[in-house]
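One structure is given here, and the rest of the page talks about it.
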Amino acid sequence: MDVACRECHSLHEASVQTCPVCGSSSLSDDWAGCVIVAHPNQSDVAGTMNVTQLGTYALKVR
Ligand SMILES: [Zn+2]
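The sequence shown: position 43 = 309 (my numbering), numbered continuously.
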C-alpha cells in the first residue's frame, strides 16, 4: 500500500505499474490519509469520493 492512483485514489503496492481498479498509470507516492471502504454502498465517505469498489483509498493524492 505505497502508491495511490491519481484517478480513483485507490492504494496499491509500490510494485504495480497501473492501477488494478481503473487501469490508470498515473500513480503517486505523495498521498495523505487512508480510508478503508468495506461497504461502498453504505459509506458516506465512499459516496463523497465516488468509490464503488471495496478497497483502501487515499483521501488526498498529489
Ligand atoms: Zn485508479
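Here a beta-carbon is modelled for each residue, glycine too, at the ideal position from N, C-alpha and C.
Nearest-angstrom Cα separation, counted from residue j out to residue i
i	j	result
HIS305	THR318	9 angstroms
CYS300	GLY321	10 angstroms
Identified DSSP bridge partners for residue i
i	result
THR322	ILE302
SER276	TYR323
VAL269	HIS278
SER294	ALA270
Residue i CB to nearest heavy atom of ligand 1 below 7 angstroms
i	result
CYS285	yes
CYS300	no
GLU273	yes
SER276	yes
SER290	yes
Where residue i sits in the DSSP three-state scheme
i	result
ALA312	helix
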